[in-house]
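Chains as they are written, first to last, in the UniProt record's numbering: chain A, 1 to 325; chain B, 1 to 358.
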């Protein structure tokens with residue numbers, strides 16, 4: 001006991017993990033401040049949009065604003081309701097995701113497991129290039145080049161499977177439908193889903209794939225029973241990120257969709273649909289102050305929606321890559 | 001030849017090569033399976049004058065699937081059918097994406113090329129009506145405006161993104177995970193929301209009228225995630241030994257970063273900047289909401305409306321006349337060329353990095 005007593009008085013030496021030098025402290029403080037700037041930006045967006053949106057929410061009522069289906073700035077009192085746009089955005093994004101996912105996964109599979117190294121590099125570059133095409137250029141292409149072709153496809157679908165309600169189209173006008181907008185959105189989100197899926201595939205443990213092949217599995221059974229289950233988390237995250245991007249797509253959709261407040265529940269070939277983001281930009285030019293407030297509210301709804309989806313998605317992607325710390 | 005086969009494990013046919021991936025027989029079948037359906041489909045088109053798309057879906061695709069399934073059966077037995085399907089589906093869907101991309105690029109080049117001329121690139125748009133013929137007026141003011149607006153936001157975003165990446169790689173900060181998730185989520189921020197935000201903050205509140213700098217501000221939230229994340233990847237590639245070496249020699253952390261890590265990651269950071277610029281140079285919605293499209297050349301981003309390529313494109317598509325659409329294609333080609341230049345420079349920069357590391 002008495003032997004131990006003096007040792008308690010000795011001050012333990014601390015391992016320094018915090019910077020002493022003033023320059024270092026400034027260096028770390030600056031980088032921390034910059035890192036928190038993304039918090040600040042998100043918070044500012046919320047504050048300013050909420051501030052401008054409050055009048056619209058007060059006059060319209062939150063429930064009516066989100067689910068009603070009239071938009072008339074000339075009426076007294078002016079009515080602004082977002083229902084058809086909200087549903088239209090979801091519908092178009094779902095079509096986009098349904099089309100984009102098989103394309104993206106097959107490209108990722110092709111790059112990682114099938115193609116020769118040189119070819120894989122070229123394909124990766126092409127996919128990145130597709131991601132770099134601005135959405136307005138895609139919109140121009142969609143409006144003047146792709147729409148007539150896709151309208152032909154839509155007509156074929158309608159003639160062969162018109163008895164299914166979603167392919168029904170009594171007006172026989174196939175341009176500017178949610179179907180076409182969905183395909184254009186799919187072209188936009190394929191590179192996003194493909195690059196995340198490819199990254200997940202490339203970081204997979206090669207041993208389990210080789211083990212599956214050694215046990216007599218072929219490409220297909222390895223893909224279905226080993227690769228997909230292992231990569232599922234990351235792929236789902238990538239799909240959600242694509243969904244978030246699809247919901248926020250603005251100008252590309254504007255040119256290929258007939259925006260209509262007559263709600264379209266699921267007849268994807270009819271020439272009426274909605275998109276919150278495109279509606280905002282099409283109405284903004286000649287909006288009066290009341291309508292601007294309503295558009296701000298629409299932007300707020302869109303922002304909150306995409307922020308939630310994107311946060312969940314990035315959380316899933318981060319979880320699927322536990323080796324990245 | 002006698003039919004007595006030796007079934008001891010060591011004996012196998014001399015031509016067998018189980019370690020080799022492809023037997024000659026398989027190569028023969030596979031090449032047959034990839035040539036025959038295409039030949040039959042092309043033959044049908046040539047003989048009957050069938051529509052190309054119809055031939056693709058009615059003749060080529062079913063034949064190709066059957067052929068691939070047959071190869072699968074001969075190689076793996078019955079379960080090989082799905083294998084054949086997988087191969088066909090993968091290649092077909094991948095090439096579908098390339099066809100789409102090719103269609104986009106080809107239509108922009110073929111339609112835009114006729115609009116392109118020296119006057120289209122250098123003149124501004126003053127006194128030009130939507131139906132004026134293409135000999136007069138151009139996108140000169142928009143190119144300058146785009147460069148000024150994007151340049152201004154680059155000046156703000158790059159230090160911010162670099163410092164964020166430093167926080168994510170060089171420090172022991174506690175909220176790295178949240179920041180990374182937030183950045184990823186921000187990369188999906190709808191561009192129109194960013195425009196509305198700046199409009200609400202500066203223009204609706206009367207601080208300023210439409211000007212170039214509000215457009216630059218609206219691009220920052222869109223550019224920051226790309227710059228920060230690509231820079232982070234670049235900094236992460238710098239070997240830990242370099243950093244620790246500098247620290248062990250007594251350098252303070254900031255000197256270790258500025259004199260050792262930063263030069264090592266230089267080309268990666270250049271890539272990050274170029275990709276960030278490429279990400280925002282075609283962004284339309286935020287600029288439509290925050291910079292009023294001007295027809296005159298304006299070199300002062302802090303005062304007065306400013307034209308930019310995306311808003312020019314946006315207006316001229318909306319006019320809807322043949323001449324204005326022609327101008328829109330021309331502007332789209334200019335944007336695409338700018339993006340391609342940025343993209344190729346980014347590739348070259350990252351290639352010099354990989355060479356330097358070898």
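Cβ atoms here follow ideal geometry from the backbone N, Cα and C, with glycine treated the same way.
Please read all numbers here as calculations on a predicted model, not as lab measurements.
Query raised in the report: Got a sec? Which residues, its chain only, sit under 6 Å from residue 45/A by beta carbon, not counting five neighbours each side?
Result: none
**Report entry** Of the listed residues 189/B, 335/B, 205/B, 27/B, nearest to residue 42/A (C-alpha basis)
**Finding:** 189/B
Query raised in the report: How about residue 86/B: is its C-beta nearer than 8 Å to some C-beta of chain A?
Result: yes
**Report entry** Proximity winner among 198/B, 126/B, 101/B, 271/B, relative to residue 350/B (alpha-carbon distances)
**Finding:** 271/B
**Report entry** Chain-ordered chain B contacts of residue 87/A [CB-CB under 7 Å]
**Finding:** Those do not exist, as residue 87/A stays about 17 Å from chain B at its closest Cβ, beyond 7 Å.
Query raised in the report: With a cut-off of 8 Å, does the C-beta of residue 207/A fall near any C-beta of chain B?
Result: no
Query raised in the report: So, residue 255/A versus residue 143/A, is the Cβ gap smaller than 8 Å?
Result: Judged by their CB atoms, residue 255/A and residue 143/A are nearer to each other than the 8 Å cut-off.
Query raised in the report: Taking Cβ-Cβ distances shorter than 8 Å, what residues in chain A pair up with residue 103/B?
Result: 141, 145, 146
Requested in this report: Compare the C-beta of residue 213/B against all C-beta atoms of chain A and say whether one is closer than 8 Å.
Outcome: No, residue 213/B lies away from the interface with chain A (no Cβ there is under 8 Å from its Cβ).
Query raised in the report: Where do the N-terminal and C-terminal ends of the alpha helix (DSSP H) with residue 64/B fall, by residue?
Result: 61-76
Query raised in the report: Closest Cβ-Cβ distance between residue 124/A and chain B: below 8 Å?
Result: Chain B places no beta carbon closer than 8 Å to that of residue 124/A, leaving this residue out of the contacts.
**Report entry** Ordered list of alpha helix (DSSP H) runs contained in the region 239-296 of chain A, each at least 4 residues
**Finding:** 251-256, 276-284
Requested in this report: Work out the CA separation of residue 338/B and residue 124/B for me, nearest whole Å.
Outcome: 18 Å
Report task. Evaluate residue 163/A with the Cβ neighbour count: other Cβ atoms within 10 Å of its Cβ, from every protein chain shown; 16 or more gives buried, anything less gives exposed. Result -> exposed
Query raised in the report: Does the Cβ of residue 242/A have 16 or more other Cβ atoms within 10 Å, making it buried, or fewer, making it exposed?
Result: By the 10 Å Cβ count, residue 242/A comes out buried.
Requested in this report: Tell me the start and end of each unbroken alpha helix (DSSP H) in the region 131-213 of chain A that is at least 4 residues and wholly inside, in chain order.
Outcome: 135-141, 147-161, 178-202
Query raised in the report: What are the start and end residues of each continuous alpha helix (DSSP H) run of 4 or more residues lying completely inside the region 221-298 of chain B, in chain order?
Result: Listed in chain order, the complete alpha helix (DSSP H) runs (minimum 4 residues) inside the region 221-298 of chain B are 240-248, 266-280, 285-290.
Query raised in the report: Is it right to say residue 299/B is buried, meaning 16 or more other beta carbons lie within 10 angstroms of its own, or is it exposed?
Result: exposed
Query - Per DSSP, the bridge partner or partners of residue 106/B - result: In the DSSP output, where bridge partners are listed per residue, residue 106/B has none listed.
Report task. Could you name the residues of chain B that residue 98/A contacts, counting a contact when the two beta carbons are closer than 8 Å? Result -> Ordered by position in chain B, no residue passes the 8 Å Cβ test against residue 98/A, which lies about 13 Å from the chain.
**Report entry** Contact list for the region 215-236 of chain B against chain A, Cβ threshold 7 Å
**Finding:** 221, 224
Requested in this report: Answer with buried or exposed for residue 335/B, where buried requires no fewer than 16 other C-beta atoms within 10 angstroms of its C-beta.
Outcome: buried
Report task. Spell out whether any CB of chain A is found under 8 Å from the CB atom of residue 207/B. Result -> no
Query raised in the report: Which runs of the alpha helix (DSSP H) spanning at least 4 residues fall entirely within the region 47-104 of chain A, listed in chain order?
Result: 62-67
Query raised in the report: Using a Cβ cut-off of 7 Å, which residues of the region 41-58 of chain B contact any Cβ in chain A, in chain order?
Result: none
Query raised in the report: Would a C-beta distance cut-off of 8 Å place residue 278/B and residue 252/A closer than the cut-off?
Result: Cβ distance not < 8 Å, so residue 278/B and residue 252/A don't count as in contact.
Query raised in the report: Does the Cβ of residue 253/B have 16 or more other Cβ atoms within 10 Å, making it buried, or fewer, making it exposed?
Result: buried
**Report entry** Whole-angstrom C-beta distance between residue 66/A and residue 83/A, which should lie under 8 Å
**Finding:** 7 Å
Query raised in the report: Start and end of the alpha helix (DSSP H) containing residue 318/B?
Result: 309-319
**Report entry** Of the listed residues 99/B, 340/B, 204/B, 75/B, nearest to residue 53/B (C-alpha basis)
**Finding:** 99/B
Query raised in the report: Around the C-beta of residue 207/A, are 16 or more other C-beta atoms found within 10 angstroms, so that it is buried, or is it exposed?
Result: Residue 207/A is exposed by the Cβ-count criterion.
Query - With 16 other Cβ atoms within 10 Å as the buried cut-off, status of residue 272/A - result: buried
Query raised in the report: Among 80/A, 32/A, 58/A, 96/A, which one has its Cα closest to the Cα of residue 240/A?
Result: 96/A
Query raised in the report: So is residue 376/B buried or exposed if we call it buried at 16+ other beta carbons inside 10 Å?
Result: As shown, chain B starts at 1 and ends at 358. That puts residue 376/B outside it, with no answer to give.
Query raised in the report: Is DSSP giving residue 174/B helix, strand or coil here?
Result: coil
Query raised in the report: Touching or not, the region 45-58 of chain A and the region 291-299 of chain A, by the rule of three or more beta carbon pairs under 8 Å?
Result: yes
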